[in-house]
Amino acid sequence: MPDLLNCPRCNKIFVKNFRDVCPDCYKQEEEDFQAVYQFVRKKENRMASILEVEEATEVEQALIYKFIKQGRISLHSFPNLSYPCEACDTMIREGRICSVCKGNITGGLDRLESEKRFEKRKIQEENRKITTYHSLKNRLDK
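At position 111 of the sequence shown (counting the first as 1) the number is 111 in UniProt numbering, and the numbers step up by one without a gap.
Here it is as structure tokens:
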């Protein structure tokens with residue numbers, strides 16, 4: 001059954017199928033994409049920053065970021081374009097999060113894994129002590 005949603009841009013109700021906005025806003029986004037793409041495609045504009053693209057095309061930064069994240073605008077040819085990290089808003093050129101946030105996540109996961117290994121070793125040590133105790137007791141009783 002199709003989902004009914006409110007469009008995040010205009011708040012109209014629409015049936016969600018493949019797009020995250022209503023058909024009218026999708027058309028507007030496509031027009032905005034064409035404006036941005038035509039602007040950055042020109043050789044003299046390839047060094048433009050996000051702010052310069054926004055000013056020249058009158059397209060919101062958030063929408064330009066969306067085009068970049070969707071892969072519709074490739075950053076390989078445009079050295080001054082980037083988008084914010086989803087965790088800390090540092091400007092990045094690839095992925096979803098910056099290297100610092102990746103390091104923090106990896107470090108946290110490593111610490112968690114280390115704690116699990118420590119707990120496992122602790123339980124194994126306790127089990128070994130219990131086994132050793134019982135075996136010594138059995139030897140003394142004979």
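Even for Gly, the Cβ is constructed at its ideal location relative to N, Cα and C.
Counting only residues of its own chain and dropping the five nearest sequence neighbours on each side, Phe33 has a CB closer than 6 Å to the CB of Phe67. DSSP places Ile64 in the uninterrupted alpha helix (DSSP H) bounded by Gln61 to Lys69. Per DSSP, Phe14 is one residue of the beta strand (DSSP E) stretching across Ile13 to Lys16. Cys25 has its alpha-carbon roughly 38 Å from the corresponding atom of Gly103. Boundaries for Leu81: no alpha helix (DSSP H) harbours it, and the DSSP string shows neither H nor E there. Lys12 and Pro2 do not touch by the CB rule: their CB atoms are close to 15 Å apart, not below 8 Å. With three or more CB-CB distances shorter than 8 Å, the region 72-89 counts as touching the region 29-43. Lys69 and Glu115 have their C-alpha atoms some 36 Å from each other. For the pair Thr90 and Cys98, the Cα-to-Cα distance works out to about 7 Å. Asp32: member of the alpha helix (DSSP H) spanning Pro23 to Arg41, first to last residue. In the displayed model, Asp3 falls within a strand according to three-state DSSP. A Cβ-Cβ separation of about 6 Å places Ile50 in contact with Ile64 under the 8 Å criterion. Comparing alpha carbon positions, the residue from Pro84, Lys120, Val59 and Asn6 closest to Ala35 is Val59. Here Ile92 carries a strand assignment [DSSP, helix/strand/coil].
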